[in-house]
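There are 2 protein chains.
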Amino acid sequence: MLKWQLLFVLYLIGLSKAYIVNPGPLYVATKGEIWPRPQQQQKSDDYFVLSPRDFQFILSENSGDCLILRSGFTRYFKILQQNTIPRFSKRNQQKSVKNVSEGEYLGVIGNLTVNLQGNCNDNDYPDINVDEKYQLNVTTDAVLLSAPSVWGILRGLESFSQLLYLGADGYTVRLNSTVIVDYPRYKHRGLLLDTARHYMPLTQIYQVIDGLAYNKMNVFHWHLVDDQSFPFVSEKFPELSQLGAYDPLFVYDPDDVQNVIEYARLRGIRVMPEIDTPGHTRSWGVSHPELLTNCSALEEGALGPLDPTRERTYEFLKELLGEVKSVFKDQFIHLGGDEVGFECWQSNADVVAFMKTNNISTYEDLESYYIQKVINIANNLLFNSIVWEEVFVNGVSLPNDTIVHVWRDYGDYHWDETMRAVTAANKDALLSACWYLDHLQTGGDWKSFYECDPNDFGGSDEQAGHIIGGEACMWSEVVNEYNVVQRIWPRASAPAEKLWSPYIQVGTYFDYTETSQRLEEHTCRMNRRGIPAQPPNAAGFCL
Amino acid sequence: MLKWQLLFVLYLIGLSKAYIVNPGPLYVATKGEIWPRPQQQQKSDDYFVLSPRDFQFILSENSGDCLILRSGFTRYFKILQQNTIPRFSKRNQQKSVKNVSEGEYLGVIGNLTVNLQGNCNDNDYPDINVDEKYQLNVTTDAVLLSAPSVWGILRGLESFSQLLYLGADGYTVRLNSTVIVDYPRYKHRGLLLDTARHYMPLTQIYQVIDGLAYNKMNVFHWHLVDDQSFPFVSEKFPELSQLGAYDPLFVYDPDDVQNVIEYARLRGIRVMPEIDTPGHTRSWGVSHPELLTNCSALEEGALGPLDPTRERTYEFLKELLGEVKSVFKDQFIHLGGDEVGFECWQSNADVVAFMKTNNISTYEDLESYYIQKVINIANNLLFNSIVWEEVFVNGVSLPNDTIVHVWRDYGDYHWDETMRAVTAANKDALLSACWYLDHLQTGGDWKSFYECDPNDFGGSDEQAGHIIGGEACMWSEVVNEYNVVQRIWPRASAPAEKLWSPYIQVGTYFDYTETSQRLEEHTCRMNRRGIPAQPPNAAGFCL
Chain A
1 MLKWQLLFVL YLIGLSKAYI VNPGPLYVAT KGEIWPRPQQ QQKSDDYFVL SPRDFQFILS
61 ENSGDCLILR SGFTRYFKIL QQNTIPRFSK RNQQKSVKNV SEGEYLGVIG NLTVNLQGNC
121 NDNDYPDINV DEKYQLNVTT DAVLLSAPSV WGILRGLESF SQLLYLGADG YTVRLNSTVI
181 VDYPRYKHRG LLLDTARHYM PLTQIYQVID GLAYNKMNVF HWHLVDDQSF PFVSEKFPEL
241 SQLGAYDPLF VYDPDDVQNV IEYARLRGIR VMPEIDTPGH TRSWGVSHPE LLTNCSALEE
301 GALGPLDPTR ERTYEFLKEL LGEVKSVFKD QFIHLGGDEV GFECWQSNAD VVAFMKTNNI
361 STYEDLESYY IQKVINIANN LLFNSIVWEE VFVNGVSLPN DTIVHVWRDY GDYHWDETMR
421 AVTAANKDAL LSACWYLDHL QTGGDWKSFY ECDPNDFGGS DEQAGHIIGG EACMWSEVVN
481 EYNVVQRIWP RASAPAEKLW SPYIQVGTYF DYTETSQRLE EHTCRMNRRG IPAQPPNAAG
541 FCL
Chain B
1 MLKWQLLFVL YLIGLSKAYI VNPGPLYVAT KGEIWPRPQQ QQKSDDYFVL SPRDFQFILS
61 ENSGDCLILR SGFTRYFKIL QQNTIPRFSK RNQQKSVKNV SEGEYLGVIG NLTVNLQGNC
121 NDNDYPDINV DEKYQLNVTT DAVLLSAPSV WGILRGLESF SQLLYLGADG YTVRLNSTVI
181 VDYPRYKHRG LLLDTARHYM PLTQIYQVID GLAYNKMNVF HWHLVDDQSF PFVSEKFPEL
241 SQLGAYDPLF VYDPDDVQNV IEYARLRGIR VMPEIDTPGH TRSWGVSHPE LLTNCSALEE
301 GALGPLDPTR ERTYEFLKEL LGEVKSVFKD QFIHLGGDEV GFECWQSNAD VVAFMKTNNI
361 STYEDLESYY IQKVINIANN LLFNSIVWEE VFVNGVSLPN DTIVHVWRDY GDYHWDETMR
421 AVTAANKDAL LSACWYLDHL QTGGDWKSFY ECDPNDFGGS DEQAGHIIGG EACMWSEVVN
481 EYNVVQRIWP RASAPAEKLW SPYIQVGTYF DYTETSQRLE EHTCRMNRRG IPAQPPNAAG
541 FCL
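Read top to bottom, the protein sequences are chains A and B.
Every letter in the first sequence is one number past the one before it in UniProt numbering, and letter 25, counting from 1, is 25.
Every letter in the second sequence is one number past the one before it in UniProt numbering, and letter 539, counting from 1, is 539.
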């Protein structure tokens, strides 16, 4: 049935091509359009010409200044150079003539004046409350980027770089006159990368973070460890990765982790670690079997979730999370809590006895007992916590500032219902349920991601205020270093736009033309910048 | 519904991990197993050690000798070097001890004696009747590869190279004592690559061909041109690609094509061109609108399939196919014939008038009229023809040696029914219907490809004799140079094994353990050889 449906869709795509008005791509890329769409943008067809090699970023008087700003200039200066290769293409020219109404030539732009209204310090880290607002004027009066914070300047530099396009003449680099006032709709716009099911080399992690910056996302959620492997090198417990990693080479040592954090920081991106417990911890047991629940009653040698009945479990976690706190600069830790199977606990006589002694009647309550203790440990370490939705659904009493991460949308689970329940309980929520990048569909499946909006959950305005954003999730069971970046981009660009740009209704009859054309340009732009993004839509090409 | 099903599958995968006996990958790679599985292999746990740098291929006395053979030695000598990096890994060692029962050490192998029983000439080309049989002995008596033809020697070298594995000690390169007698089940084992929906640079084409050799496939079916673009540079009609390619850079010029053919030839792989007509030709119309049927009655500027009513259409095709014959060395041309929409012909008054004049009552008959003329043109050029199944299904009278390519399996179309009809009509058939690589499924979808066998079509033995093989199809609407190789391998390895190895029944309850483990090894092997293959199964890693 499944296969038949897929094939039928393909059949329809095939048959619709029996005659074609124009050959070439279904969606011709836009020129100089921004992804994600800015909150407010006045556009004009009149254009400036920019000579990338002679171009300069100029700090205005009284502007703040720091390393983050300067390294942004360096990066975007390099990116501007990638627009300098003049190309003469008849086909390209044809397309241009057809699709871009060309306005008046307004002159040459030699520099962008940057005005950081606030201060910035070399060692600033982005946090959940960063101000990412910016204003960008490209007019005959001024070519000016201003923002209250350096994070806004970074977002504005990205937008500025996206304005550039190759002129219809095939050799001038142009940008249209425009005025942009822009800021994100949600403050947490992330991507989860699982580095435990397949180890991802730093090269790919950097490419993923580059992509986040190009899509104005601001959280790299690092799903560091899981059942299958433990690649995070703990200095307190080096045996965890020594024995728990797939291989001694497939680890993230303290330098690696600091390099990733710094790479992300300079791009205004937080690195939020996840130490998923009590389930998803089988790799811990290679070096520390005593931490896990023994369920050899179920199967010879089987070990289950962390053992919630022993104090040493919590002592170990206190040490480990303490180290995580000192390594990662983020205020948040993701504590996991998903997919805890109860059959192992159930099979263990000591666990059952412990529950009796402590008047714990259900396994959900046992999970609550565990999670509350772990959240307390995190709180004492001055971490704010995020947990997967099961923790909330199972009725764990959570501190007010714990964020619930909604991920299930199958069977009896509907993300909108869960979201209503979470926000009705005055909890902040993060949405991932409709943005699982490991779910594949034949054809251009970014549209199904684009259909999903955190706001469409049927809650009150007050409840909607509890939604802090969302994350695309790249679980890595069937991606390795060779296809992970390809699978993320441009598919994660869909949630990136849903989380940044103004709300738009995307129903069944939504006209995707403009969005598809803009995503074509954005994908080719990512390709030019070294991201091996796959095609978003259908047949096409990038120059 | 579709989404729900996908998610439910994922849910089951997730829940099954509530407790895990062992961390690490679900399927541990085998060591020194061959993909595709040989017809006959005697195995032993006793092993030899091989020092790749000191290793030599030695031609036996009276053996044939030629460039193809020598270049094979050079390639496989290089591949052997990739096994020389000794690695010490505790985890690896553990796995080895667990999964390989280690036999007796039999000594060092310094060379492989190669005995080509027949002749070979520097300029031989593989054709559909090549003899790929080989025998490989790795015993204390002899380390000998013999075959009647150079093509068999190439297949045997591939198998020999796959026997090598890293010993449990973490540094010796080993191979187990074995005797193999091997030959393919089907003679046409191909992969279609569409270079028209997205242009594929030569780098990726070479990687695809490398992969074909590593999977003992022998046909590179080059879907050169289509509606969207015409990247093939014709010397007779250079305007076809000058105007019809996506860009003047995105073409295959005569040198490119010769390089691809030579690259494939040295690996025993045929390059079969497809010039798909009368549909899928919109890109021809950029330079030659007069060849296409005008259907502006349907939509302003619309052009449809080639115009079957005008003699100049056939004169043009005669010239173009004549050039194709002189460029490609293969005996076969794929003439397409799929997805011809009749609404354009129907809308054109001249076409309707022509049908009346010539007593052609249906559009199927008009298509027949066209196809028969084109097959005659191909025949006169000494080409054998392959056509997509519609040509047969629509009742076109075909010469006996025309091969029918079965690709549909949706709605009212069932590949097994089509196959029965084709073979009952004494036509040879090629199967692709269940091996469309552009169809995606969440998780490890190579198994659904593996379930499909050309023999399971319910025909008689005589009918089964008409099946000459099959092809995996990589249509390129949503793949570009960045993900095409990743998407092909190792998924196309499934049809590769179905087409080479002995028939096995793969039902719902088939135990995939051995096959999955072997495909893990094969995938890692392809990665080591520079093919960016994606993971086949689930969590895992390659050393």
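Backbone N, C-alpha and C define an ideal beta-carbon position, used for all residues, glycine too.
Values in this document were obtained by computation on a predicted structure and should not be read as measured data.
For the region 218-246 of chain A, residues whose beta-carbon sits nearer than 9 Å to a beta-carbon of chain B comprise Asp226, Asp227, Gln228, Ser229, Phe230, Gln242, Leu243, Gly244, Ala245 and Tyr246.
CA-to-CA, the gap between aspartate 141/B and leucine 202/B works out to about 44 Å.
Aspartate 365/A and threonine 277/A have their C-alpha atoms some 16 Å from each other.
Taking glutamate 299/B as reference, the option from Asn348/B, Gln162/B and Pro490/B with the minimal CA-CA separation is Asn348/B. For the region 437-454 of chain B, the set of positions with a beta-carbon nearer than 9 Å to some beta-carbon of chain A reads Asp438, His439, Leu440, Gln441, Thr442, Gly443, Gly444, Asp445 and Ser448 in chain order. Judged by DSSP in its simplified three-state form, arginine 197/A adopts coil rather than helix or strand. Residue burial is scored here from C-beta neighbours: aspartate 122/B has fewer than 16 other C-beta atoms within 10 angstroms and is therefore classed as exposed. Annotation: the continuous beta strand (DSSP E) that includes proline 305/B extends over 303-306. Annotation: phenylalanine 48/A has no Cβ neighbours in chain B at a cutoff of 8 Å; minimum Cβ distance is about 26 Å.
In this structure threonine 362/B is exposed. Its beta-carbon is surrounded by fewer than 16 other beta-carbon atoms within 10 angstroms. For valine 114/B, the enclosing beta strand (DSSP E) has its first and last residue at 111-116. For the pair valine 478/A and tyrosine 410/A, the Cα-to-Cα distance works out to about 20 Å. With its beta carbon less than 8 Å from one in chain A, glutamate 477/B belongs to the interface.
Segment contact: the region 510-528 of chain A against the region 192-207 of chain A, fewer than three CB-CB distances shorter than 8 Å; contact not assigned.
Residue state for glutamine 56/A is assigned as strand, using DSSP reduced to three classes. Residue nearest to asparagine 380/B within the set Leu321/B, Lys329/B, Asp428/B and Asp412/B is Leu321/B (criterion: CA-CA distance).
Residues Ile403, His466 and Ile468 of the same chain have their beta carbon placed closer than 6 Å to that of aspartate 428/A, with the five preceding and five following residues left out of the count. For the pair alanine 424/B and arginine 408/B, the CB atoms are not nearer than the 8 Å cut-off. Of all residues in the region 52-82 of chain B, none comes within less than 9 Å of chain A when Cβ atoms are compared. Under the three-state reduction of DSSP output, lysine 43/B falls in the strand class. In its chain, beyond the 5 residues on either side, Pro38, Gln39, Gln40, Gln41, Lys133, Tyr134, Gln135, Leu136, Arg155, Gly156 and Ser159 have a beta carbon closer than 8 Å to the beta carbon of aspartate 182/B. Around glycine 285/A, the beta-carbon contacts reaching into chain B at under 8 Å are Pro23. Per DSSP, tyrosine 134/A is one residue of the beta strand (DSSP E) stretching across 134-138.
Straight through space, the alpha carbons of tyrosine 482/A and threonine 195/A are spaced by roughly 13 Å. With fewer than 16 other CB atoms across the displayed protein chains lying within 10 angstroms of its CB, valine 108/B is exposed.
The continuous beta strand (DSSP E) containing threonine 293/A extends over residues 292-294. In the DSSP assignment, the residues bridged to serine 385/B are Ile333/B.
The C-alpha of glutamate 319/A lies about 59 Å from the C-alpha of proline 454/B.
Within chain A, no C-beta atom comes less than 7 Å from the C-beta of phenylalanine 510/B; the nearest is roughly 17 Å away. Contact with chain B is found for alanine 539/A, since one of that chain's Cβ atoms lies less than 8 Å from the residue's Cβ. Less than 8 Å separates the beta-carbon of tyrosine 27/A from that of alanine 538/A. Secondary structure note for arginine 312/A: its alpha helix (DSSP H) is the uninterrupted segment 311-327. For a cut-off of 8 Å, the C-beta gap from valine 130/B to glycine 64/B is around 14 Å, too long to register as a contact.
Put simply, the region 286-297 of chain B touches the region 234-244 of chain B. At least three CB pairs are less than 8 Å apart.
Contact annotation for leucine 543/A against chain B: Asp247 [CB-CB distance below 7 Å, chain order]. Taking aspartate 226/A as reference, the option from Tyr105/A, Asp338/A and Phe55/A with the minimal CA-CA separation is Asp338/A.
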